[in-house]
Amino acid sequence: MHNQFLNIPVSKYRFIIRRYITFQNMIINLISKCCKYRD
């Protein structure tokens, strides 16, 4: 009965995770650049 609720498409999750990871990478790159400029 609860299976339907848990049966969310994995592709949707992968898409969200991928976007989140790319966003995180962008932020990390920005921070590292700022740190380099500050040195």
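Counting from 804, one number per residue, gives the positions in the sequence shown under the working numbering. Just so you know, even glycine gets a beta-carbon here, dropped at the ideal spot from N, CA and C. Quantities reported herein were computed from a predicted structural model and do not represent experimental measurements.
The C-alpha of Ile819 is placed about 27 Å away from the C-alpha of Cys837. Taking the CA atoms as reference points, Arg822 sits about 11 Å from Lys815. Going by C-alpha positions, Ile830 is about 10 Å away from Ile824.
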